[in-house]
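*Asks:* Below are the structure tokens for one structure; questions will follow.
Number of protein chains: 2
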Amino acid sequence: MTAQPGSPGPGLDIVDGIVQLSFRVQEILAETGAEHDLSMTQLRLLGILRDRDAEMLQLAAYLGLDKSSVTGLVTRAERRDLLRRLPSPRDRRATLVTLTAHGRDLVADGERRIRAQIAALTAPLTAPQQDALTALLAQILGTPAP
Amino acid sequence: MTAQPGSPGPGLDIVDGIVQLSFRVQEILAETGAEHDLSMTQLRLLGILRDRDAEMLQLAAYLGLDKSSVTGLVTRAERRDLLRRLPSPRDRRATLVTLTAHGRDLVADGERRIRAQIAALTAPLTAPQQDALTALLAQILGTPAP
DNA sequence: ACAGAATAGTTGGTGACACAAACCAAATTA
DNA sequence: TAATTTGGTTTGTGTCACCAACTATTCTGT
């Protein structure tokens, strides 16, 4: 297990491979986020909100963070007009967080870039190899096969 | 690209798969590190020092961090007796960083745990599938095939 | 119906982590 | 040897994460 992204040893075992790929991907995500001044966590936050509005506690659960961490996160993003806090219609204590148009644009752009980068990563593989990889990943992730 | 670790959609494409796997792996690394109160960065730092002693600037380069960040990182680890600063024999300005026995133990233990966890991740695959995956990863990472 | 408990979110305090700019000491070069 | 470059630390700022304490609602048991 070479702990580094860019240190591909000659005898690469499966653990090394998975760990290195993981670092490579995180690097791509972080760099792409950085182009829009988004941290990894901000990126994930917006990614969640792309699919659904959510209350603070739900966000904390999705992100695996304490609710107080989400307060700061959302506040900073709100300052940048990426999202808004609305009163939840369901519970007067709760806050509903939703993307602004600007936030939505930014997420869409980020997703395009990330998809392109990750796709570039798998470019050295032939189409059937890519299919094989996808199947293996699905199996590892315990995903209902497509 | 579902931005979340634990949201395996039914139609998993290759980008989703890679990104999700990456998050899963980072989760494992972070959790395992946390058992020893090690952040992701500390983990990487110790991982580098496992293979070679290094000077501060080299560490900064490996980690992709500013040198001033490494100062703090190393200082905190030194406080915990995980590593030591020695004068570099090569250059009286430079500092050589090296693991202590304690640090070495901790790295060894961490590596065992991480290898086990990652191996568990690939357990659903048959042996030939694991070999296939390893080969695909090597090809993606541009690694000289084993 | 209403007192007590649980829940949603914020605030304040602490610490790790990362950067940038300013700085010192040793080494290089011109 | 004077000027510059290099290795590292310091200081200051901001993000990010946690915990404990707090307010305001909502829910529960009687």
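Residue numbers (the working numbering), protein chains in the order written: chain A, 128 to 273; chain B, 128 to 273. Beta carbons are placed, not taken as given, at the ideal position from N, Cα and C, and that holds for glycine. Just so you know, these numbers come straight off a predicted model, no measurement behind them.
Roughly how many angstroms lie between the CA atoms of Ser134(A) and Val142(A), to the nearest whole one?
*Replies:* Along the first sequence, read from residue 1 onward, the residue named residue 134(A) stands at position 7. Along the first sequence, read from residue 1 onward, the residue named residue 142(A) stands at position 15. Confidence at Ser134(A) is low in this model, with a pLDDT of 39, below 50, so the placement of that residue should be treated as unreliable; the coordinate-derived value is given next. Between Ser134(A) and Val142(A), the C-alpha separation is close to 14 angstroms.
*Asks:* CB Leu268(B) to CB Leu264(A), shorter than 9 angstroms?
*Replies:* For the purposes of this step, residue 268(B) is taken as the residue at position 141 of the second sequence. For the purposes of this step, residue 264(A) is taken as the residue at position 137 of the first sequence. The answer is no: Cβ separation not under 9 angstroms.
*Asks:* Could you tell me which residues DSSP puts in a beta bridge with Ala181(B)?
*Replies:* Reading the second sequence from its first residue, position 54 is the one you call residue 181(B). Its beta-bridge partners are Val224(B).
*Asks:* For Thr249(A) and Gln257(A), which I take to be in contact (beta-carbon distance under 8 angstroms), what is that distance rounded to the nearest angstrom?
*Replies:* Taking the first residue of the first sequence as position 1, residue 249(A) is located at position 122. Taking the first residue of the first sequence as position 1, residue 257(A) is located at position 130. Contact holds; Cβ gap of about 6 angstroms.
*Asks:* Quick check: the segment 221-240 of chain B against the segment 171-178 of chain B, are at least 3 beta-carbon pairs closer than 8 angstroms?
*Replies:* yes
*Asks:* In its own chain, which residues sit with a C-beta less than 8 angstroms from the C-beta of Thr168(A), not counting the 5 before and 5 after it?
*Replies:* By one-based count along the first sequence, residue 168(A) stands at place 41. Hits under 8 angstroms: Leu190, Leu192 and Leu200.
*Asks:* Bridge partners for Arg217(B) per DSSP, in chain order?
*Replies:* Residue 217(B) sits at position 90 when you count from the first residue of the second sequence. Arg217(B) pairs with nothing; no bridge assigned.
*Asks:* Given a threshold of 16 other Cβ atoms within 10 Å of its Cβ, counted over all protein chains shown, does Glu182(A) qualify as buried or as exposed?
*Replies:* The count along the first sequence starts at 1 and reaches residue 182(A) at position 55. In this structure Glu182(A) is buried. Its beta-carbon is surrounded by 16 or more other beta-carbon atoms within 10 angstroms.
*Asks:* Going by DSSP, what residues sit across from Arg211(B) in a beta bridge?
*Replies:* Counting from 1 along the second sequence, the entry for residue 211(B) is found at position 84. According to DSSP, which records beta bridges pairwise, Arg211(B) is partnered with Thr225(B).
*Asks:* Judging by CA-CA distance, which residue of Thr261(A), Asp208(A) and Gly237(A) is the nearest neighbour of Gln157(A)?
*Replies:* Counting from one through the first sequence, the residue named residue 157(A) turns up at place 30. Here residue 157(A) turns out to be Ala, not Gln, going by the sequence shown. Answer by Cα proximity: Gly237(A).
*Asks:* Does any C-beta atom of chain B lie closer than 9 angstroms to the C-beta of Ser149(A)?
*Replies:* In the first sequence, counting from the first residue as 1, residue 149(A) sits at position 22. It does: the Cβ of Ser149(A) has a partner Cβ on chain B nearer than 9 angstroms.
*Asks:* What's the gap between the Cα of Ala246(A) and the Cα of Ala187(A)?
*Replies:* Taking the first sequence and counting its residues from 1, one reaches residue 246(A) at position 119. Taking the first sequence and counting its residues from 1, one reaches residue 187(A) at position 60. Taking C-alpha positions only, Ala246(A) is separated from Ala187(A) by approximately 30 angstroms.
*Asks:* Would you say Ala259(A) faces chain B, with C-beta separation under 9 angstroms as the test?
*Replies:* Here residue 259(A) is taken as the residue at index 132 of the first sequence, counted from 1. It does: the Cβ of Ala259(A) has a partner Cβ on chain B nearer than 9 angstroms.
*Asks:* Between Ala243(B), Arg231(B), Thr253(B) and Val152(B), which lies nearest to Leu210(B) when the distance is taken from Cα to Cα?
*Replies:* Position 83 of the second sequence holds residue 210(B). Here the closest residue by C-alpha is Arg231(B).
*Asks:* Excluding the 5 residues preceding and the 5 following Leu170(B) in the sequence, name in chain order all residues of the same chain whose CB lies nearer than 6 angstroms to its CB.
*Replies:* Translated into the one-based positions of the second sequence, residue 170(B) becomes position 43. Contacts found: Gly160.
*Asks:* Quick check: what's the CA-CA separation for Asp140(B) versus Arg217(B)?
*Replies:* Here residue 140(B) refers to the residue found at position 13 of the second sequence. Here residue 217(B) refers to the residue found at position 90 of the second sequence. The straight-line gap from Cα to Cα measures roughly 51 angstroms.
*Asks:* Just to confirm the assignment: which complete beta strand (DSSP E) runs, minimum length 3, are found wholly within the segment 138-198 of chain B?
*Replies:* Along the length of the segment 138-198 of chain B, whole beta strand (DSSP E) runs at least 3 residues long do not occur.
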